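A quick write-up on the structure given underneath.
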Ligand code: 26W
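Numbering (this note's numbering), first residue to last: 414 to 1231.
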């Protein structure tokens, strides 16, 4: 057989596609078309589409074999992918063929599309960024692998029972996953525990080797990621944990049927479930096992590829860029050192040069409670060899600091990889910093704060290491696929090149002054709002008027994101309308959606408050037609794809200095929502490009927040100065919205009168005033639409393609295709 033969092409065209889908349905699923459910049509269609992707992938492999350039390895504990059918079909340019093929089979594209489960292998912004970045790397033809964990269960399903969040397991794999290839032959052995043994080398030096006490296998599952216009395909390789010896037959034969499976249960727990905590360290041993598991599997995998292609590890840093998505894979620094030194006998200095040359690290949060650190005793027990290596890295690092700054013990304590504050702990941020050639923040403001706060002293020692890479979003998913109405308007106005170069959106500016264009733009928005109104009615039973101002806050529920501020303003508006029902009010629909970490009591209480307020408001005839409040349950990528195109007003109201970047802010503005927000994260850079006059900015700046906290701010000062705030807090605190439990919100209200850490009371009046500006502008539809068009026009820079091109040029040193 000719082993160099090209892969068998998947025939193209609608008729061939129809036949292919039918063959998948018949021979892979074993179903007759007459029996097929929507789910079956989805699986058969996805498999047919996958064939097309695979064909391209194999061709690409054949073409580049022996000439593989530098690869990017994006290590992330989270990939918040959502659905893939529409993305893959769109990127392959197969949408029309597929529509025709399915129509021939009596199926609508939506029937197949809506049956796809939402792959939620992530919590929020960090995980979704990883998914957008993978798509961009493929679109820019950068050879890359995403590495992560194939969780059996992704982020929990949120149900609101009487307004209280309840979590239910999510089961995205229950009907199989047609996108992935199981690769049982790609398997790496991951060790835990055990001991380090020393033996003398012939030259008298000591060789240390780790002898783990426990082994777990990492098995690869590959999902191809096809870039825009099908140019390039990369792989997302997710690892599943398996026991090397799943059934202990000796135990089984002794009659210990449960004990025989114990090892399997313990091993496979590692890839069972995504940790649902966002911005707070889990602290459990299982989390550390997850982190080491996928990091080690990824490094073993890429070192093996290096050896296959280059025959030596010494050129690894020239052929591999390893990007750490936050500190979750930071153990990579020690693991790569262990592999190079213990397994490939490299001298320390050379191993360190390679490690630092290959690795770089992205920080996504400054919240102190989210900075990972692991107790030294736990590390010593689970990863004894790594702990030795970390001590050695630290010794060398501190020696250099001592030499440059003799006698400065405070400095040593601050930059040490081992913290002594709450018992001895390994600080993963410091480890990642020291082991990287570049460390980046995700917005200009956040990067500046990194330099001034958490990494202040390390930054002074290494002033060139921290760089900024402002986040970006996939315009394919967050404009072209989720908002086809607006997209066709844009291509009509600007030509099809806008689909390939997002900066072409700049040319839209003059259209803001074109009344006919504004009319079409408003019609597209209106259609999207009607679609959202249908979803809201289905999910909550509440009818909303698409003509009203849709005021949207969609993101994880967290105190620093200040959903509470939004709820307080909602109550203020409610009371104002009741007091003066005949005034000329702007009809508003307040839309909230987001999940709280299961153990985050305060966040769950805020959801309950939003729901209590919604119930009271929605059944009060006094505000009928003027105010509606909805909390859409189970926010996920799929829900966002309907909400984002329909929003008029985008809530980006975090306490300044606390939101590292935000990416929902970008998605909403791109789709023509005006932003009401603080000068935080990437919203600052959005204002630079959009113009603050086309947004509703308000509130304390990051430095003002800092000053107020330092001066011992108390919210009571703001409450005393604002009748509106006092009335709102009185109503909430006294049980107006919780007649079944008058005291429910006491603690919440007290915290605002107390230290008001998140400056909710401090920013309240300014926020209410900004809301009034927004409501007033909405009453001038032409002016509102003009501002919306200018928002879309200014957002081109926030494409993930721009962000990835910046990583490629300044951090990875890899060429991009365009
Ligand atoms: C250790 C527990 C834990 C889990 C997740 C700590 C921290 C995290 C993430 C870093 C939280 C996160 O998702 N951060 C978000 O990252 C986005 C992408 O850069 C930013 O846009 C958001 O502002 C930031 O909150």
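A virtual CB, placed ideally from N, CA and C, is assigned to each residue, including glycine. This structure is a prediction, so every number in the text was calculated from the model and none was measured.
Meets three-Cβ-pair contact criterion under 8 Å: the segment 959-973 and the segment 997-1013: Yes: at least three Cβ pairs fall under 8 Å.
Presumed contact (8 Å Cβ cut-off) between residue 640 and residue 554, rounded CB distance: As a working mapping, residue 640 is identified with position 227 in the chain shown. As a working mapping, residue 554 is identified with position 141 in the chain shown. With a Cβ gap of about 7 Å, residue 640 and residue 554 count as contacting.
Beta-carbon spacing of residue 965, residue 1060 below 8 Å: As a position in the chain shown, residue 965 is number 552, starting the count at 1. As a position in the chain shown, residue 1060 is number 647, starting the count at 1. Result yes, Cβ atoms of residue 965 and residue 1060 sit closer than 8 Å.
Stretch pair the segment 723-742 + the segment 820-836: three plus CB contacts closer than 8 Å: When C-beta atoms of the segment 723-742 are compared with those of the segment 820-836, fewer than three pairs fall below 8 Å, so the two segments do not count as touching.
Segment contact flag, the segment 470-486 with the segment 531-547, C-beta cutoff 8 Å, min 3 pairs: In the pairwise beta carbon analysis, the segment 470-486 is classified as not touching the segment 531-547: fewer than three pairs are separated by under 8 Å.
Whole-angstrom distance between residue 1209 and residue 1234, CA atom to CA atom: The requested residue 1234 does not occur in the structure, where the chain is confined to residues 414 to 1231.
Residue 803 versus residue 747: straight-line alpha-carbon distance, rounded: One-based indexing of the chain shown puts residue 803 at position 390. One-based indexing of the chain shown puts residue 747 at position 334. Answer to the nearest angstrom: the Cα atoms are 6 Å apart.
Those residues which DSSP pairs with residue 1191 across a bridge: Here residue 1191 is taken as the residue at index 778 of the chain shown, counted from 1. As DSSP reads the structure, residue 1191 sits in no beta bridge.
Boundaries of the alpha helix (DSSP H) in which residue 806 is found, first to last residue: Here residue 806 is taken as the residue at index 393 of the chain shown, counted from 1. That run of the alpha helix (DSSP H) goes 797-817.
Run of the beta strand (DSSP E) containing residue 1224, from where it starts to where it stops: One-based indexing of the chain shown puts residue 1224 at position 811. Where residue 1224 is concerned, there is no enclosing beta strand (DSSP E), given that its DSSP letter is neither H nor E.
Where residue 1180 falls: helix, strand or coil (DSSP): The sequence position of residue 1180 within the chain shown is 767, counting from 1. In this structure, residue 1180 counts as helix in the three-state DSSP scheme.
Residues bridged to residue 971 [DSSP beta-bridge criterion]: Translated into positions along the chain shown, residue 971 becomes position 558. DSSP, once it has assigned bridges, lists no residue as partnering residue 971.
Cβ neighbours of residue 1011 in the same chain (closer than 6 Å, five flanking residues each side left out): On the chain shown, position 598 is the one that residue 1011 refers to. Closer than 6 Å at the Cβ level, and outside the excluded window around residue 1011, lie 580, 689.
Backbone secondary structure at residue 993 - three-state DSSP: Here residue 993 is taken as the residue at index 580 of the chain shown, counted from 1. Looking at residue 993 - three-state DSSP - the assignment turns out to be coil, as it is neither helix nor strand.
Proximal residues to residue 672 (C-beta, below 6 Å), its chain only, five neighbours per side dropped: Numbered from its first residue, the chain shown carries residue 672 at position 259. Closer than 6 Å at the Cβ level, and outside the excluded window around residue 672, lie 664.
Alpha-carbon spacing of residue 633 relative to residue 1211, whole angstroms: Taking the chain shown and counting its residues from 1, the one referred to as residue 633 is at position 220. Taking the chain shown and counting its residues from 1, the one referred to as residue 1211 is at position 798. Just so you know, the alpha carbons of residue 633 and residue 1211 end up roughly 33 Å apart.
C-alpha distance - residue 759 paired with residue 719, whole-angstrom precision: For this step, residue 759 is matched to residue 346 along the chain shown. For this step, residue 719 is matched to residue 306 along the chain shown. Between the alpha carbons of residue 759 and residue 719 lies a distance of about 15 Å.
Reduced DSSP category for residue 867 - H, G, I as helix; E, B as strand; rest coil: The residue given as residue 867 occupies position 454 in the chain shown. For residue 867, the three-state secondary structure derived from DSSP is coil.
Cross-strand partners of residue 878 (DSSP beta bridge): Indexing the chain shown from 1 puts residue 878 at position 465. Note: residue 878 sits in no beta bridge, so no partner.
Endpoints, the beta strand (DSSP E) within which residue 1236 is located: In the structure as shown, the chain begins at 414 and stops at 1231. Residue 1236 is therefore absent and cannot be evaluated.
Beta bridge counterpart(s) of residue 581 as assigned by DSSP: Indexing the chain shown from 1 puts residue 581 at position 168. Its beta-bridge partners are 570.
Expected contact under 8 Å - CB spacing of residue 741 and residue 681 to nearest Å: Translated into the one-based positions of the chain shown, residue 741 becomes position 328. Translated into the one-based positions of the chain shown, residue 681 becomes position 268. Between the beta-carbon of residue 741 and that of residue 681 there is about 20 Å, and that puts the pair past the 8 Å contact cut.
Cβ-based burial, residue 721 [other Cβ within 10 Å; buried from 16]: Sequence index remark: in the chain shown, residue 721 carries index 308 (1-based). Within 10 angstroms of the beta-carbon of residue 721 lie fewer than 16 other beta-carbons, which makes it exposed.
CA-to-CA distance, residue 601 to residue 714, given in whole angstroms: For the purposes of this step, residue 714 is taken as the residue at position 301 of the chain shown. For the purposes of this step, residue 601 is taken as the residue at position 188 of the chain shown. Each residue's alpha carbon lies about 8 Å from the other.
Member of 757, 739, 894, 870 whose CA lies at the smallest distance from the CA of residue 620: As a first step, residue 620 must be located in the chain shown, where it is residue number 207. Closest by alpha carbon: 757.
DSSP bridge partner residues for residue 1006 (one or two, in chain order): Walking along the chain shown from the start, residue 1006 turns up at place 593. Beta-bridge pairing links residue 1006 to 967, 1045.
Any non-hydrogen atom of the ligand 26W within 7 Å of residue 855 CB: The residue you call residue 855 lines up with position 442 of the chain shown. For residue 855, the Cβ falls inside the 7 Å cut-off from some heavy atom of the ligand 26W.
For residue 484, three-class secondary structure by DSSP: On the chain shown, residue 484 is found 71 positions in, with the first residue counted as 1. In the displayed model, residue 484 falls within a strand according to three-state DSSP.
Residue 773 in three-state terms, based on DSSP: If you number the chain shown from 1, residue 773 lands on position 360. Note: residue 773 maps to strand in three-state DSSP.
Contacting residues, own chain, Cβ-Cβ under 7 Å from residue 411 (five flanking each side not counted): Outside the shown range of the chain (414 to 1231) lies residue 411, about which nothing can therefore be said.
Helix, strand or coil at residue 793 according to DSSP, with G and I counted as helix: Position 380 of the chain shown, counted from the first residue, corresponds to residue 793. Note: residue 793 maps to helix in three-state DSSP.
Any beta strand (DSSP E) of 3 or more consecutive residues that is wholly inside the segment 1052-1113: Within the segment 1052-1113, the runs of beta strand (DSSP E) that reach at least 3 residues and sit entirely inside it are, in chain order, 1062-1065, 1087-1090.
Residue nearest to residue 1016 in terms of C-alpha spacing, selected from 576, 426, 498: As a first step, residue 1016 must be located in the chain shown, where it is residue number 603. Comparing Cα-Cα distances from residue 1016 to each of 576, 426, 498, the minimum goes to 576.
Beta-carbon spacing of residue 1177, residue 978 below 8 Å: Within the chain shown, numbered from 1, the residue matching residue 1177 stands at position 764. Within the chain shown, numbered from 1, the residue matching residue 978 stands at position 565. Yes.
Segment contact flag, the segment 1154-1174 with the segment 1125-1132, C-beta cutoff 8 Å, min 3 pairs: Touching, yes.
Residue burial classification, residue 1168 (beta-carbon count within 10 angstroms, cutoff 16): Working through the chain shown from its first residue, we reach residue 1168 at position 755. If you draw a 10 Å sphere on the C-beta of residue 1168, you find fewer than 16 other C-beta atoms in it, and that means exposed.
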